[in-house]
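Residue numbers (the working numbering): 859 to 1111.
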């Protein structure tokens, strides 16, 4: 498969694996990740994207500590995010629903804030921010590509903290006493940039559901700004709006 693009390599591996699976019995074990990488001559990330897609479509299932096995095909499972009265975060939402959330950190570094980021976070342009780029998985299914910016002067330990597991919001609460009270969001459809497309295993330029979010503490100070781009199969979010207080009766009329 040498000389092909990242996308075509992914597609070739996926198609080959699907053909192979069709000749196997339910319960048969797939070869190891290392063996398949060597066989196809592809990187680990390309192979994982191909296997992720087949797990998502129900052709394969992963068993922790045992490997990947052929299973009965089934409809893809969606794990929508739900936005309601509380600022809970992706990790807490999904784990509260009984799902396993894992994270792959792609980048965690200090960069100068551009004018837009500085305005959103109420800091000076050029001031250092922590850029945290992650892939989030739910039950081994790739869900979203997330870029988050946090002011370094406020949260310096976030530059080195291990975010491969757990919740960023919970860490901010436990380490810095931050109480999140507000979440401003903008939902749009945006084209996948080359780096996002590579990590989500989609064609560059494919239109993805994009959710930009700025969270604030209980004193209405900006804490973090991030953008989550969802895989096509997980391009789904839920909103729940409630009128509280004296306006409730008026809203019912």
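Ideal placement from N, C-alpha and C gives every residue a C-beta, glycine not left out.
By how many angstroms is the C-alpha of residue j removed from the C-alpha of residue i?
| i | j | result |
| --- | --- | --- |
| residue 1001 | residue 994 | 6 Å |
| residue 880 | residue 912 | 12 Å |
| residue 950 | residue 997 | 14 Å |
| residue 874 | residue 888 | 13 Å |
| residue 1006 | residue 929 | 36 Å |
| residue 1095 | residue 1043 | 12 Å |
| residue 986 | residue 924 | 43 Å |
| residue 906 | residue 992 | 16 Å |
| residue 971 | residue 1025 | 23 Å |
| residue 982 | residue 871 | 47 Å |
Would the beta-carbon of residue i fall within 8 Å of that of residue j?
| i | j | result |
| --- | --- | --- |
| residue 868 | residue 1055 | no |
| residue 960 | residue 1023 | yes |
| residue 1071 | residue 1087 | no |
Less than 7 Å separating the Cβ of residue i from some heavy atom of the ligand MG?
| i | result |
| --- | --- |
| residue 999 | The ligand MG is not part of the structure shown, which contains no ligands of any sort. |
Between which two residues does the alpha helix (DSSP H) carrying residue i extend?
| i | result |
| --- | --- |
| residue 1077 | Neither: residue 1077 is in no alpha helix (DSSP H) and is coded neither H nor E. |
| residue 979 | 973-979 |
| residue 952 | 948-954 |
Taking residue i as part of the beta strand (DSSP E), name the residues at either end of that continuous run.
| i | result |
| --- | --- |
| residue 1042 | 1038-1049 |
| residue 1010 | Segment: none, residue 1010 is in no beta strand (DSSP E) and carries neither H nor E. |
| residue 1026 | Where residue 1026 is concerned, there is no enclosing beta strand (DSSP E), although the alpha helix (DSSP H) it sits in stretches over 1026-1034. |
Tell me whether residue i sits in a helix, a strand or coil according to DSSP, three-state version.
| i | result |
| --- | --- |
| residue 884 | coil |
| residue 1052 | helix |
| residue 897 | helix |
| residue 985 | coil |
| residue 1084 | strand |
With a threshold of 7 Å on Cβ separation, who are the neighbours of residue i within its own chain once the five nearest residues in sequence on each side are excluded?
| i | result |
| --- | --- |
| residue 840 | Residue 840 lies beyond the residue range present for the chain, which begins at 859 and ends at 1111; the question has no answer from this structure. |
| residue 878 | none |
Going along the chain, which residues of its own chain have a beta-carbon closer than 6 Å to the beta-carbon of residue i, five neighbours each way excluded?
| i | result |
| --- | --- |
| residue 1076 | 1037, 1039 |
| residue 962 | 993 |
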